[in-house]
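Chains as they are written, first to last, in the working numbering: chain A, 10 to 304; chain B, 2 to 424; chain C, 70 to 347. Quick reminder that beta carbons are idealized off the backbone N, C-alpha and C, glycines included. Please read these numbers as outputs of a predicted model, since none were measured by experiment.
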Amino acid sequence: MKDLRTRNLALYLVPTFLPVALLVYAPVVKSMVIAFRRYSMFDLRDTPFVGFGNFSDIFGDSAFPFLQILGNTFIWIFASLVLQFVLGFCLALLLREKFRGRGVYTSLVFYTWAVSGFAIGLIWSWIFNGQFGLANDILMRLHLISRPIGFLSNPKYALVAVIVANVWYGIPFFGIMLLAALQSVPKELYEAAKIDGAGAVGRLFRVTIPYISATIVSTTLLRMMWIMNFPEIIYGMTNGGPANSTNILATQMINKIYKEYNYGQGAALSLIIMVLLFILAFAYLSIANRKEFES
Amino acid sequence: MKRFTLGLLIIVLLAPTLAFAQTKAKGEVVQLNFIEMLTSPTRTAFLNEVIARFEAENPNIKVNLISPPYEQAENKMTLMLNAKQPLDIIESRDGTIKQFVNNGQVADLETYLNDWSAKGDFLPMSLYAARIIDGKAYIIPQLFFVKGLFVRTDLLKKAGIAIPKTVQELYDASVALSDPSKNQYGYVIRGKSNAWKVSQDQLCLANLTNIDPNNFYKTKDGKFVYDTPEGKAGLQRYVDLYKKAVSPDGVNWGFAEQINAFVSGSGAFLIQDPDAIAMIDKQLGRDSYTVVPVPVGEKSGKAYQDFAFNGLSIVSYSQHKAEAWKFLTYLISPKNNSEFCKSYGALPVFSSSFKDDPYFSTGVFQAWHTMFTHPETYKFVNYPITSAKFSAWGPYQEQYMQRLLLGQSSVDETIAKWASYWK
Amino acid sequence: MNRPSHIARIGRFTALALFLFFALGPLAWIIITSLKGPKEIYTFPIKYLPSHPSLESYRQLFRFANFGIYFRNSFFVTMEGAVGAMILSAFGGYALSRFKFKSAKRAMILVLYVTQTIPTFMLMLPLYLLMADLHAVDNLGALGLIYMVSVLAFCVIMAKSFFDRIPASLEEAAEIDGCSMLQSLLRVIMPLLAPGMVAIFSFAFVNIWNELFVAVLFMSSPDKLTVPVALNSFISKAGISWDVLSAGIVMALLPTMLVFAIGQRYIVAGLTEGGVKE
């Protein structure tokens, strides 16, 4: 019986892993090969093997300083992640107890996840427009500023602007997942904690969070990878500018491919992204939750 | 039950493949695949209309128009060509034709060209453009993009300022018009997305006298153009213009933002191609603005622009080159070309268009007519489009230019970096 | 049972209101923009309400674009991808959750997570060349398949975590009662997981519907385009027509908003009701 069971389980795994192997991993390997060649669409007759040449070009690029891109990437990921998570968690906590109209409310408040990346970029660049934008108008009416700010043309504010748009988009993901997880916490645990004298905050940290930790870990990990690989918002709002201030690895990769037709460097950048995410994921999972791999 | 499951899984996986059937055109109808790249709703509508007329006159040829969104169109075209997807006619331009020639993806059209009845009607520039790579006709031009100076005449009248003729006058007028407290500025800058070829190089380099006509970035004695006293002074003045007469938001301005700034009146001067006219006309009347020739350098008396054009090429592996040429010359014929340019806002490639159609020599188009008929003042030069470094120049230049405008670097540093790129 | 204090209730209400304002504000702004004529869009100070609200942009949108066809194409491709992913992930997630060999299980989970590290752009070129060789470009069925595989890893990961919450004792009990493995999965476990499946479907649907770059690359015929591709066509060298584009964004948003609004309710309604208490 056990053997049959295992064999069936293995069978159920094939329709998942076979397509993934063919349509994801096989193409990736091909791309990785390109990363080690000089490969530009400008002249396909000339694609010699250059070893780590593309990588050294990327690291030493004076027009697009790599450290700045790396820094932007980290700020983009972690600021977005922390803000989305905290706000999403707050929202989930607020929604945990039923109230009249909760169904309608959640249908409305969570819709931002349904907006396409391209539309988000457009909507928020329109809001942050330096001359006709809503953000400037509101700030001026509140007398917080006297002249419009060029949010997307000022290196100081541009990264903040794109992060705001990203947080607006990502709150529902955490809101929904965490709300679902919160629903599964047995009430008896709260009763027990109350008997022990724990206040609301104490219950949060001693009962709620530990109980849903597996969900917290898997959702934050996934979201982190998605934020890294979802450059559409930045692409639509600033395309990495001004002066490299919102350029992240993913947008640099897109620009190398679309503007310069330099697929070799584009592929090298995607390899860097993958390695970086792999390291981050490994570190995160090792520290945060060994249970994820086992349960 | 197990087999049922297995069967179900297989069907779910394979069902899509049942839709893999490829429909092939039957009979003797020739199917041409034509991919455009300057996609816009109006333009695609126009092309479909021309195609309908062509198909009515040629019942054995069908033209399939592929219109990817503008921002991804060239990338898609490149990949389709690389994968040898069925394509017969592609829309190429000065910036991409060298790439297609390198990869052997476009056909040499010399024999077709020489047998063409309309060849004699071609402007000399059009013939020059067609043969720009290796002296062979790989591209048949259909649109010229030449810059003009758009002026808000109503704002100038209110301030009592005359229309500038030289770059210095443009500078002075822009500064005079600027009043940041009223959100009013003089000049509408292009801050990103190929700012260098839209107006930056023109304004900065206007005072040079010995630019190499085959390479905008080199003087006739081989120096980098910005590495000259006139070039450096021009760049410095451009930065001053930004600081004194341009909205600080300008660094992030692409085409759309430029139009917005011009029609909303927050800028009075704009250097742009004629395709801005359609957009501007929608929101502004002709009594509020006009177009004049681009300003000349006050010391050189000359104005330089790049020789920008777009056209059609026939794919080298096309199986229907004769039919493709038929359609190509139908679209690029004096009558259709004029209509096309009118609806799109570019300049036609036939001399008869300029001679016979008053549209192209009156009203706002007077500006371009003047520029074309005074070649001693208004000079057209080529960017180094055959260089392998050309496609990466745009992003490179932009980074340093933006840093310069934002005050993060100096004019000397910027010039040094640019010079090192073209060494 | 503590009665929430007045302050707590007001605080909660305010917080909820702020969240709603933040979420809906931009949408309201886009809707307003789509109702203004082109001359009213670029004014400073900004007009908050159009003086002559008109549906002209929507009319223009439908005049220029074959929106009915694009909606149909998007729907076909998205359903194929989302339903396919949902079904496959039910089996895959179940198997992964119940698999006994620890190291193989770890490896497989890792393989799935790694797919999420891959930037789509890296896949596009080789995938396009592969599909071109198979004559599967410009083919909606193939596009649906690609989309299905693109969301499959996430769906399986999520499905596995849902299955983890349901103890194996349930299906074991059913099997002792005489059910085959498949029967126990379909008849006993899946009903408990219905909300989870709806959740997975909603996420898959939204991700696929909104995808732009792969659709642009793979689809060429004008009658095979999807909604995001069509909308993106309103951005041309001649700039962005904000009024028509706003109308387009509103139109394109409706299906995903609807699906997601329904889907998230299922999760909020309680994911693990009934199965966990032992």
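When the distance is taken between beta carbons, is Leu188 (chain A) closer than 8 Å to Ala101 (chain A)?
yes
Taking 7 Å as the limit between beta carbons, can you name the residues of its chain near Met266 (chain C), skipping five residues before and five after?
Within the same chain, Met266 (chain C) has close Cβ partners Met155 and Ala159.
Give me the Cα-Cα distance between Ala74 (chain B) and Ser68 (chain B), rounded to the nearest whole angstrom.
7 Å
Using the three-state DSSP reduction, which class does Gly136 (chain B) fall into: helix, strand or coil?
coil
Would a C-beta distance cut-off of 8 Å place Ile141 (chain B) and Ile333 (chain B) closer than the cut-off?
Going by C-beta atoms, Ile141 (chain B) is nearer than 8 Å to Ile333 (chain B).
Anything in chain C within Cβ reach of Ile67 (chain B), meaning under 7 Å, just list it in chain order.
Ser289
With H, G and I counted as helix, E and B as strand and the rest as coil, what does DSSP make of Ile315 (chain B)?
strand
Is the CB of Thr415 (chain B) under 8 Å away from at least one CB in chain A?
no
What runs of the alpha helix (DSSP H), each 4 residues or longer, lie entirely inside the stretch 319 to 404 of chain B?
Listed in chain order, they are 322 to 332, 335 to 345, 352 to 357 and 367 to 374.
Taking the beta carbon of Asn17 (chain A) as the centre, do at least 16 other beta carbons fall within 10 Å, making it buried, or is it exposed?
buried
Using DSSP with H/G/I as helix, E/B as strand and the rest coil, what is Leu323 (chain C)?
helix
Would you say Val29 (chain A) faces chain B, with C-beta separation under 8 Å as the test?
no
What did DSSP end up calling Asn348 (chain C) once you bin it into helix, strand or coil?
Shown here, chain C extends from 70 to 347; a query on residue 348 (chain C) therefore has no answer.
Along the chain, where does the alpha helix (DSSP H) that runs through Ala304 (chain B) open and close?
Looking at the DSSP string, Ala304 (chain B) is not in any alpha helix (DSSP H); the run it does join, the beta strand (DSSP E), is Ala304 to Asp307.
Using a Cβ-Cβ cut-off of 8 Å, state whether Leu161 (chain A) counts as contacting chain B.
Yes, Leu161 (chain A) lies at the interface with chain B (some Cβ there is under 8 Å from its Cβ).
Given a cut-off of 8 Å on the beta-carbon distance, is the pair Gly223 (chain B) and Leu204 (chain B) in contact?
no
Quick check on the DSSP output: what are the complete alpha helix (DSSP H) runs of length 4 or more inside the stretch 149 to 201 of chain C, in order along the chain?
171 to 184
Straight-line CA distance for Lys356 (chain B) to Ala262 (chain B)?
Spanning the two alpha carbons is a distance of roughly 34 Å.
Could one say the Cβ of Pro142 (chain C) lies closer than 8 Å to chain B's Cβ atoms, at least one of them?
It should be pointed out that residue 142 (chain C) corresponds to Asn in this sequence rather than to Pro. Chain B, which has no Cβ nearer than 8 Å to the Cβ of Asn142 (chain C), makes this no.
Short of 8 Å in beta carbon distance, which residues of its chain neighbour Gly302 (chain B), apart from the five on each side in sequence? Order them along the chain.
Thr378
Assuming Glu37 (chain B) and Glu92 (chain B) are in contact, meaning their beta carbons sit under 8 Å apart, how far apart are those beta carbons, in whole angstroms?
5 Å
Of all the options A:Gly245, A:Ile281 and A:Arg105, which has the alpha carbon lying nearest to the alpha carbon of Ile132 (chain A)?
A:Gly245
Which residues, taken in chain order from the stretch 80 to 104 of chain B, show a beta carbon closer than 9 Å to some beta carbon of chain C?
Leu80, Met81, Asn83, Ala84, Lys85 and Gln86
Any beta-carbon of chain C closer than 8 Å to the one on Pro70 (chain B)?
yes
Do you know offhand how far Leu80 (chain B)'s Cα is from Asn253 (chain B)'s?
30 Å
Which residues, taken in chain order from the stretch 227 to 256 of chain A, show a beta carbon closer than 8 Å to some beta carbon of chain B?
Taking 8 Å as the Cβ-Cβ cut-off, the stretch 227 to 256 of chain A approaches chain B at Thr247, Asn248, Gly250, Pro251, Ala252 and Asn253, given in chain order.
Below 9 Å on C-beta distance, what does Leu281 (chain C) contact in chain A?
For the C-beta of Leu281 (chain C), the chain A residues within less than 9 Å are, from N- to C-terminus, Ser125, Gly126, Phe127 and Glu241.
For Thr115 (chain A) and Arg334 (chain C), which I take to be in contact (beta-carbon distance under 8 Å), what is that distance rounded to the nearest angstrom?
7 Å
Can you tell me whether DSSP reads Arg132 (chain C) as helix, strand or coil?
It is helical.
Could you tell me how far apart the beta carbons of Leu239 (chain C) and Ile258 (chain C) are, in whole angstroms, since I believe they sit closer than 8 Å?
6 Å
Measuring CB to CB, does Ser392 (chain B) end up less than 8 Å from Glu269 (chain A)?
It is a contact, given that the beta carbons lie within the stated cut-off.
Nearest chain C C-beta to Arg14 (chain A) closer than 8 Å, yes or no?
At a cut-off of 8 Å, the C-beta of Arg14 (chain A) has a neighbouring C-beta in chain C.
CB-CB under 6 Å to Asn383 (chain B), same chain, minus the five flanking residues each way: which ones, in chain order?
Asn215 and Phe308
Based on the DSSP secondary-structure assignment, which residues constitute the bridge partners of Glu92 (chain B)?
B:Leu313
With a threshold of 16 other CB atoms inside 10 Å of the CB of Gln77 (chain A), please say whether the residue is buried or exposed.
exposed
Over the uninterrupted beta strand (DSSP E) stretch that includes Gln106 (chain B), give me the two end residues.
Segment: none, Gln106 (chain B) is in no beta strand (DSSP E) and carries neither H nor E.
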